[in-house]
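From first to last, the protein sequence lines stand for chains A and B. Just so you know, we're using our numbering here: the first sequence kicks off at 9 and counts up by one. Just so you know, we're using our numbering here: the second sequence kicks off at 9 and counts up by one. Even for Gly, the Cβ is constructed at its ideal location relative to N, Cα and C. All values derive from a computational prediction rather than experimental measurement.
There are 2 protein chains.
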Amino acid sequence: MSYGAAVPSSGAVTVLQPLPRDGIALRPDGLLASWQRRNATTTLPHNVEQLETHGNVDNLRRVTGDVTGAFTGFWFGDTDVHKTLEAAFWELGRSGTRSPFLDGTTALLEKAQDPDGYLNSYFQVDHRDRQWAELDNSHEMYCAGHLIQAAVAAARSAPGDAAAQQVVTVARRFADLLVRRYGPDGEDGIDGHPEVETALVELYRITGHRPYLALAARLVELRGHDLLGGGPRRRRYYQDHSPVREATEVTGHVVRQLYLLAGAVDVAVETGDSPLLAAVERLWDSAHDSRTYITGGQGSRHTDEAYGDAYELPPDRAYTETCAAIGSFQLAWRLLLATGHARYADEMERVLLNGLAAGISLDGTAFFYTNPLQIRTGRDGSNEYAPSQRLPWHSCACCPPNLARLMASLHTYTATGDAHGLQLHLYAPGSFRTGDHAVQVDTGYPWDGRITVTVSLASAAPWTLSLRIPAWCTGARLAVNGEPVEATTGYMRLTRTWRPGDRVELTLPMPAKTVTAHPRVDAVRGTVALTRGPLVYCLEHAGLPSALKGLVFEDLYLDPAAVPEVVRDSEAIAPVLLRIGLRSRTGEPATAVPYFLWANRGPGPMRVWIPLANTESEKR
Amino acid sequence: MSYGAAVPSSGAVTVLQPLPRDGIALRPDGLLASWQRRNATTTLPHNVEQLETHGNVDNLRRVTGDVTGAFTGFWFGDTDVHKTLEAAFWELGRSGTRSPFLDGTTALLEKAQDPDGYLNSYFQVDHRDRQWAELDNSHEMYCAGHLIQAAVAAARSAPGDAAAQQVVTVARRFADLLVRRYGPDGEDGIDGHPEVETALVELYRITGHRPYLALAARLVELRGHDLLGGGPRRRRYYQDHSPVREATEVTGHVVRQLYLLAGAVDVAVETGDSPLLAAVERLWDSAHDSRTYITGGQGSRHTDEAYGDAYELPPDRAYTETCAAIGSFQLAWRLLLATGHARYADEMERVLLNGLAAGISLDGTAFFYTNPLQIRTGRDGSNEYAPSQRLPWHSCACCPPNLARLMASLHTYTATGDAHGLQLHLYAPGSFRTGDHAVQVDTGYPWDGRITVTVSLASAAPWTLSLRIPAWCTGARLAVNGEPVEATTGYMRLTRTWRPGDRVELTLPMPAKTVTAHPRVDAVRGTVALTRGPLVYCLEHAGLPSALKGLVFEDLYLDPAAVPEVVRDSEAIAPVLLRIGLRSRTGEPATAVPYFLWANRGPGPMRVWIPLANTESEKR
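Structural data, given as structure tokens:
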């Protein structure tokens, strides 16, 4: 049985399927596995502690009468408990490690739940009169959605576990209430913050109970008919300005938009609704083609945490919330499963290794809420909305637990299977198996572009091993048992009767490159970004040679004649750095670090897009 | 006696003085006079109507019991009544026209005022318990400040008028209350929104009552000592992060910062506090040198309506509120009076003719709240925060009445006097007199750079006629009675024994120019702006030739070889347009319009900074 987040049911119209729970074992020396280990040993315990410190768990204990005192934090703070519970269940499934948070919280949720299934610590104690009365902003279904996703993780990770069964029971009670209130026999209502749609489809997938799917489909369809009210800007903010099927571009609050589209894909594949899937693909295009940063980040405006106009991509005021990166990754995964198109895996890789990974510190205990591509002063190091320093927690702490649940399930996104064989999407060392087919992957990716895939298990019949050739790569080389095979972008599909020991060697050349943006991106005209392979690099103050540190960061220009040079240094902050000449008083070269690793050596200025010296002399 | 806004007392340490009330008579055919006429005949009546429609006046009638119903609009909505009253009194002083709004409103204010002097329709009816309890956000002193400024306009414009005397009485009662509550014998308290500081100094100036000045000085000093509370971002927002004397750069909410500095200048000149004046000049430098748009607009961030970092000047997300332009104009005026430095008059001219004038439609009945320098789609024409269409009123309607009060007193900012003679700062046709010296100015400025100044009245003793040579101008030519005189930037000071009929001819060459921004301004690298004389021009969709209208606006590039050509067309939207070649499919030239006149021919895309075609091919 397939395992992970977003597992299509057997009746779904889908191209790919996640692998079974034991189908993926990442080797500890890989980058992704190191993130998962850090998440388990550091981030998850850190987050649990923060939830206690900031009162999120106590808010639920107020419902049960176990503590007194005032509600603290945002009214949707329950979700951070739910997301942490989800992370704990994924971790239980991944490593067998049982977080102490898991049992206590599950029992607390059951105790706090109303007899009719309602569960929301903000409304249950102080605001009973407003329950269900302010769907535009109450986040009640949004909170329910995250509870349901914790239950889905529990059911998939530990089906026989008592706590897992308990949280499924709690989630179903709430979902049944939603079906009664807002299902076909109930009233028309949608939540200002989408999330419950994808959760309900997933709950249907683990239970087979079709009313959950029907409600999810209904909620997707009801959106865009002014049920939430508000003026034009507000309606665009929560995507209630247009039905999903008719919308022509992504708009408004980025996380809401992405979660909504994730739910729409889930509904589309489960109901075979190809026009709905096509609508989501069209909207994904509008996001990807003109509203996505080179880091994979989305969200150009602080105001409304929103998409900007097409090509409005300021590096300094980029909002690019960590949760938006997670939402983009999860949406692309769903579209990949539904269509099998490599572009979705390309985008997963880009956002994961850049905009998403930047959200967490090297030590796993501090987080960015926003991930801009330029910081001028770094003075406001601790300002959570214009940061040059990750913080242990945020006033609105959606990102840290969101990162934890993603990291705990990250391995499940790396490969898939279908009737014809196995597909490798995100390269990491480890073993991958579907049914009778298994391979071993050896690679130092993303620091090294050489990937060796060794067949470890094969049936007698021919099957297809598919390897993604990333769109960023030119000149990929492929050899099967030493025999060269021509490689093309997209998936390289190798169909044959494989034998154990067969060896595929894929080489993805990773020269350091300078990249320019689309000419319509006004904000970074006359600049280049440094990249190598899937990684975007940046200059940060901490990495400047001392001779340059006294200069104003904005006075540093790339020497147009300089070619970035790859520097390997296993002792440095990253195994691979890029050295490039700067036009400055000293002419000294600077060393660029992977964007996702910036701000781990102290706060300060940073920039991804670096001006070319010749643009400086363009004055007339 | 000097007349206008911000008139230093006889004891003030100041360099220049405004002219007397009858010292300036603008001729109707000039641009500034046409704005004043439009303001009197159209904007002021329009605003009065809007105040009735939107309940601002009824909010005050609720206090007197004349109407019932709920309070409407923002809690500081009284200010829009006060600012409109101020405008009406300036207009009475300028043209003798008595707005019907004037007497009724003055009587209403007196009737609504509490016996102790308190007057605030939000707190008086529904929120007595919160009176004076939330100074960080209550705007109570801010509202008092605008009431006081209405009284100052009344006292200066119509000293013998009963209504004028009545509003002065009302304002003094409130000011006396402020002195009792927050003066040296009262508590330490400041308002989250500065404004009352400059108002109190002005009230001192018309009454001679020193406690008003002392309170103003005290409020300036108390700021920056965490009286308002809040975190670091909040404290910067309302400039409570640092005492004015110690601040090194402008920060936070732009209008608050500018109003605070205006008050600080007023305090400094009245108390002879030269360190305080120097501190304001230093802060003005930080705004002017790195946080001011080419249009004179200030405010780079929608979030907090705030200044950005140095050189953070995005054209598309420029906030550049109309009220900030007004605040910048008023601050520069105060600094001009205090120091006599031409750079302040240069900035007054720049912001007035560009960022400020853009805030109002050609017909005087619609207004921009924000004034960005680039609009990509123009689709959200009616969105008040990302506009391509001026609106008749705004939910927060601070700008329209603020424009009206400035326009009604605009002539008073054009020239000054001192012991040595007369200074002309803003060129407009009309007559200007101080004491025994008078001149007649003939000019088509800003469309035409020729200015003829004819002496119409002169004493037998030598005196100095000073003419500003704007910093934007190179090659200015000056002749006195046909004799060439070498002209330099700054003030050209012509000292002689003038005789009636003496004629000074100043020619300010106004070629069309392309201008580049400071290289640290990342957001507009590789682009140029078109200017002529003091005016910034822009391309707008409505002005494109039909062959270009079908193109995406962002695909238009300036042909680097093209030189802007001046097009004179008295039938067009502006007498002078600039034509320049664009790199496009058709190669057709487009015509640029003055920025302040954009969006008068329908909503749509617009841009001030236009990319050069060669930056398009910079890809590597």
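Inset, instruction - Figure out for me which residue from B:Gly509, B:Thr505 and B:Leu514 has the closest Cα to the Cα of Glu494 of chain B. - result: To locate residue 494 of chain B, count along the second sequence from 1; it is residue 486. Checked all of B:Gly509, B:Thr505 and B:Leu514; the closest Cα to Glu494 of chain B is B:Leu514.
Inset, instruction - Assign Asn47 of chain A to one of two classes, buried (16 or more other C-beta atoms within 10 Å of its C-beta) or exposed (fewer than that). - result: By one-based count along the first sequence, residue 47 of chain A stands at place 39. Per the 10 Å Cβ criterion, buried.
Legend entry - Environment of Asn489 of chain A [buried if 16+ CB atoms lie within 10 Å]: For the purposes of this step, residue 489 of chain A is taken as the residue at position 481 of the first sequence. The residue in question, Asn489 of chain A, is exposed, as its Cβ has fewer than 16 Cβ neighbours within 10 Å.
Legend entry - Ranges of the beta strand (DSSP E) found wholly within the region 539–579 of chain A, counting only runs of at least 3: 543–548 and 573–576
Inset, instruction - Go ahead and label Asp354 of chain B buried or exposed: buried means 16 or more other beta carbons lie within 10 angstroms of its beta carbon, across all protein chains shown. - result: As a first step, residue 354 of chain B is located in the second sequence; it is residue number 346 there, counting from the start. Its Cβ being crowded by 16 or more others within 10 Å, Asp354 of chain B is buried.
Legend entry - Proximity test, Cβ basis, 8 angstroms: Gly534 of chain A and chain B: Translated into positions along the first sequence, residue 534 of chain A becomes position 526. Cβ-Cβ to chain B under 8 angstroms: yes for Gly534 of chain A.
Legend entry - Of the listed residues A:Gly498, A:Pro553 and A:Pro53, nearest to Tyr4 of chain A (C-alpha basis): Here chain A comprises residues numbered 9 to 628, so residue 4 of chain A is not present and cannot be evaluated.
Legend entry - Three-state secondary structure assigned by DSSP to Val273 of chain A: To locate residue 273 of chain A, count along the first sequence from 1; it is residue 265. Residue state, collapsed to three classes: helix.
Legend entry - Residue-level contact to chain B via CB, His62 of chain A, 8 angstroms cutoff: On the first sequence, residue 62 of chain A is found 54 positions in, with the first residue counted as 1. Cβ-Cβ to chain B under 8 angstroms: no for His62 of chain A.
Legend entry - Exposure of Pro240 of chain B, with buried meaning 16 or more beta-carbon neighbours within 10 Å: Along the second sequence, read from residue 1 onward, the residue named residue 240 of chain B stands at position 232. It is exposed - the Cβ of Pro240 of chain B has fewer than 16 other Cβ atoms within 10 Å.
Legend entry - Burial state of Asp293 of chain B (16 or more Cβ within 10 Å): The sequence position of residue 293 of chain B within the second sequence is 285, counting from 1. With fewer than 16 other Cβ atoms within 10 Å, it is exposed.
Inset, instruction - Determine whether the Cβ of Pro322 of chain A lies closer than 8 angstroms to any Cβ atom of chain B. - result: Translated into positions along the first sequence, residue 322 of chain A becomes position 314. So yes, Pro322 of chain A belongs to the interface.
Inset, instruction - Would you verify that the beta carbon of Tyr301 of chain B is, or is not, closer than 8 angstroms to some beta carbon of chain A? - result: As a first step, residue 301 of chain B is located in the second sequence; it is residue number 293 there, counting from the start. Answer no: the Cβ-Cβ gap between Tyr301 of chain B and chain A never drops below 8 angstroms.
Legend entry - Spatial neighbours of Thr3 of chain A in its chain, beta-carbon cut-off 7 angstroms, leaving aside the 5 residues before and after: The shown model of chain A, from 9 to 628, leaves out residue 3 of chain A, and the question about it has no answer.
Legend entry - CB contact flag (Leu430 of chain B, Val447 of chain B, <8 angstroms): If you number the second sequence from 1, residue 430 of chain B lands on position 422. If you number the second sequence from 1, residue 447 of chain B lands on position 439. A contact, by the Cβ cut-off of 8 angstroms.
Legend entry - chain A contacts from the region 306–319 of chain B (Cβ-Cβ distance under 9 angstroms): Ser308, Arg309, His310, Thr311, Gly316, Asp317, Ala318 and Tyr319
Inset, instruction - Check whether the Cβ of Thr385 of chain A lies closer than 8 angstroms to any Cβ atom in chain B. - result: As a first step, residue 385 of chain A is located in the first sequence; it is residue number 377 there, counting from the start. Thr385 of chain A counts as touching chain B.
Legend entry - Chain-order list of residues whose beta-carbon lies under 7 angstroms from that of Thr125 of chain B (same chain, five-residue window excluded): Taking the first residue of the second sequence as position 1, residue 125 of chain B is located at position 117. For the sequence presented, residue 125 of chain B should be read as Gly rather than Thr. Arg181, Phe182, Asp184 and Leu185, listed in sequence order.
Inset, instruction - Please determine, among A:Pro478, A:Thr422, A:Glu329 and A:Gly443, the residue with the shortest C-alpha to C-alpha distance to Leu34 of chain A. - result: Along the first sequence, one-based indexing puts residue 34 of chain A at 26. Of the listed residues, the one whose Cα sits closest to Leu34 of chain A is A:Thr422.
Legend entry - Cutoff 6 angstroms; reference Ala436 of chain A; Cβ partners in own chain excluding five residues on either side: Along the first sequence, read from residue 1 onward, the residue named residue 436 of chain A stands at position 428. The residues are Leu34, Gly38, Leu40 and Thr422.
Inset, instruction - Measure how close the beta-carbons of Leu68 of chain B and Ser129 of chain B come, nearest whole angstrom, since I'm counting them as under 8 angstroms. - result: One-based indexing of the second sequence puts residue 68 of chain B at position 60. One-based indexing of the second sequence puts residue 129 of chain B at position 121. Confirmed, Cβ separation roughly 5 angstroms.
Inset, instruction - Look at the Cβ atom of Thr92 of chain A, then the Cβ atom of Phe79 of chain A, and state whether they are nearer than 8 angstroms. - result: If you number the first sequence from 1, residue 92 of chain A lands on position 84. If you number the first sequence from 1, residue 79 of chain A lands on position 71. Taking 8 angstroms as the Cβ cut-off, Thr92 of chain A and Phe79 of chain A do not qualify as a contacting pair.
Legend entry - Whole runs of the beta strand (DSSP E) within the region 293–357 of chain B, excluding any shorter than 3 residues: none
Legend entry - CB contact check: Glu624 of chain A to chain B, cutoff 8 angstroms: The sequence position of residue 624 of chain A within the first sequence is 616, counting from 1. Caution applies to Glu624 of chain A, whose pLDDT of 42 falls short of 50 and renders its modelled position unreliable; the value that the coordinates give is listed next. Output row for Glu624 of chain A: interface = yes.
Inset, instruction - Please compile the residues from chain A whose C-beta is within a distance smaller than 8 angstroms of the C-beta of Pro619 of chain B. - result: Indexing the second sequence from 1 puts residue 619 of chain B at position 611. By Cβ distance, chain A contributes Pro527, Asp530 and Arg533.
Inset, instruction - Could you check the C-alpha separation between Leu127 of chain A and Ala179 of chain A for me, to the nearest Å? - result: One-based indexing of the first sequence puts residue 127 of chain A at position 119. One-based indexing of the first sequence puts residue 179 of chain A at position 171. Distance between the alpha carbons of Leu127 of chain A and Ala179 of chain A is about 9 angstroms.
Inset, instruction - In the DSSP assignment, find the unbroken beta strand (DSSP E) run with Arg475 of chain B in it and report its ends. - result: By 1-based counting over the second sequence, the position of residue 475 of chain B is 467. With the sequence shown as reference, residue 475 of chain B is identified as Leu, and Arg is not the correct amino acid for it. Per DSSP, Leu475 of chain B belongs to the beta strand (DSSP E) from Trp471 to Ile477.
Inset, instruction - Output, in chain order, the set of chain A residues within a Cβ distance shorter than 7 angstroms of Glu573 of chain B. - result: By 1-based counting over the second sequence, the position of residue 573 of chain B is 565. Result: empty, since nearest Cβ-Cβ is about 16 angstroms, beyond 7 angstroms.
Inset, instruction - Check the Cβ-Cβ distances between Arg325 of chain A and every residue of chain B, and say whether any is below 8 angstroms. - result: Here residue 325 of chain A refers to the residue found at position 317 of the first sequence. True, the Cβ-Cβ gap to chain B drops below 8 angstroms.
Inset, instruction - State yes or no: is the C-beta of Cys546 of chain A within less than 8 angstroms of the C-beta of Ala600 of chain A? - result: Numbered from 1 along the first sequence, position 538 holds the residue referred to as residue 546 of chain A. Numbered from 1 along the first sequence, position 592 holds the residue referred to as residue 600 of chain A. Yes, the pair counts as a contact, with Cβ atoms nearer than the cut-off.
Legend entry - Min CB distance Gly562 of chain B to chain A below 8 angstroms: On the second sequence, position 554 is the one that residue 562 of chain B refers to. What sits at residue 562 of chain B in the sequence shown is Glu, not Gly. It does; some Cβ of chain A falls within 8 angstroms.
Inset, instruction - Look at the Cβ atom of Ala607 of chain B, then the Cβ atom of Met614 of chain B, and state whether they are nearer than 8 angstroms. - result: Here the question's residue 607 of chain B lines up with position 599 in the second sequence. Here the question's residue 614 of chain B lines up with position 606 in the second sequence. Their beta carbons are under 8 angstroms apart, which means Ala607 of chain B touches Met614 of chain B by this criterion.
Legend entry - Coarse secondary structure for His419 of chain A, derived from DSSP in three states: Locating residue 419 of chain A in the first sequence gives position 411, counting from the first residue. Three-state DSSP puts His419 of chain A in a helix.
Legend entry - Euclidean distance between Cα positions of Glu548 of chain A and Thr539 of chain A: In the first sequence, residue 548 of chain A corresponds to position 540, counting from 1. In the first sequence, residue 539 of chain A corresponds to position 531, counting from 1. In a straight line, the C-alpha of Glu548 of chain A is about 15 angstroms away from that of Thr539 of chain A.
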